[in-house]
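In this note's numbering, the protein residues as written are 11 to 417.
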């Protein structure tokens, strides 16, 4: 079974669990579980340049009731032919503390110190800052390295034994040779040939095991509500800088809430146009590339603590229409050829919706997904680009303001 198929099987399995959860639940059980298993969702739909697997095991409150121990295993391989690949084992001593200022105390921060062992394999070569990289030999060389580092992160207890966590790690190798292999100077988690290392774990999806439960009622009386939300960041930027490289973009969402089932059915809309930006350029400076991006989606969100607490998991389907221009093979003409592309994607997400007074709310979310139908990387890179021309979706939402109401 190949690596790509394994990733999509895991992705489909998580989606299956999400759809099978009990929609009638009206209570949550706040649990203190000492054992946990996690995997990095972002690595499952990783960028084209890397193939990555991350698996973690942890036991909390192991030392003096304060410190926990975590084991993180990474297997990273670059899709570029001659770049090195590695296997990493991190042994972490961490301290996790809840943030009591938030309702339900479902947010927590984590930090600690870890020991990193790395097994690095690649072709002997040299990285240069201002010169081409050189391969000395095509016989692979392996290196063993040990380093110390620090980790910092923030997490979210979503429902019973399910949690999400984002963390950053940085440190220094003190055993093992550095700058020995051919490859990129810096490529995130896969770059372990340097003296210092830095990595980010995004969208760590985990499951805890244990007992100690406290039942809290989260039942709401009204069974259905409507909502509308607008991304204020995109709106303000489009008004203040309509001719910027990011173009004019608007996004809004229409929602229908099933409050007794703790579900939200959402239809997000997105519009982006680069025409005003193109008009500001000189005729000889106009390059082929994207001109317009529109997409509409269907998203189902499950609120595991109820709407009072605002944390949710989601699954979505997205239809996207791209329009742009391609270069021609006619060297005697500056004319560009117009091209459009239709694409369909599926994905998962998680977020937190903070209700200010039961009606107005702020929405923060992360989404990852993949375009399954349609051609990718159609339009050449230029000053005007959009991630919807790529294979994968990585969305971070902030400053999204909404209003919930009854009809």
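C-beta atoms are modelled at their ideal positions from N, C-alpha and C, and glycine is treated no differently.
Shortest Cα-Cα distance from residue 311 to any of 241, 64, 272 and 304 involves 272. Listed as beta-bridge partners of residue 250 by DSSP are no residues whatsoever. A Cβ-Cβ distance of about 5 Å is found for the pair residue 301 and residue 284, placing them in contact under the 8 Å criterion. Three or more Cβ pairs drawn from the region 368 to 376 and the region 398 to 417 lie within less than 8 Å of each other, which places the two stretches in contact. CA-CA distance, residue 155 to residue 136, rounds to 18 Å. The shortest CA-to-CA distance from residue 64 to any of 48, 79, 71 and 78 is the one to 48. When the five nearest sequence neighbours on each side are left out, the beta carbons in the same chain lying within less than 7 Å of the beta carbon of residue 374 are those of 361, 362, 407 and 408, in order along the chain. Cβ-Cβ distances below 6 Å link residue 389 to 299, 300, 334 and 399 in the same chain, with the five nearest sequence neighbours on each side left out; the list follows chain order.
The DSSP-derived three-state label of residue 286 is helix. With fewer than three CB-CB distances shorter than 8 Å, the region 141 to 149 does not count as touching the region 172 to 181. Runs of the beta strand (DSSP E) lying entirely within the region 163 to 217, each at least 3 residues long, are 172 to 185 in chain order. The beta carbon of residue 212 sits closer than 6 Å to the beta carbons of 52 and 176 from its chain, once the five residues preceding and following it are set aside; these are given in chain order. Between the alpha carbons of residue 99 and residue 86 lies a distance of about 12 Å. Cβ neighbours of residue 265 within its own chain (closer than 6 Å, five residues either side excluded): 237, 274 and 276. A Cβ-Cβ separation of about 31 Å leaves residue 161 out of contact with residue 241 under the 8 Å criterion. In this structure, DSSP gives residue 109 a state outside helix and strand, which the three-state scheme calls coil.
Around the CB of residue 205, fewer than 16 other CB atoms lie within 10 Å, so the residue is classed as exposed. When DSSP states are grouped into helix, strand and coil, residue 398 belongs to the helix group.
Shown here, residue 148 sits in coil according to DSSP, grouped into three states, outside any helix or strand.
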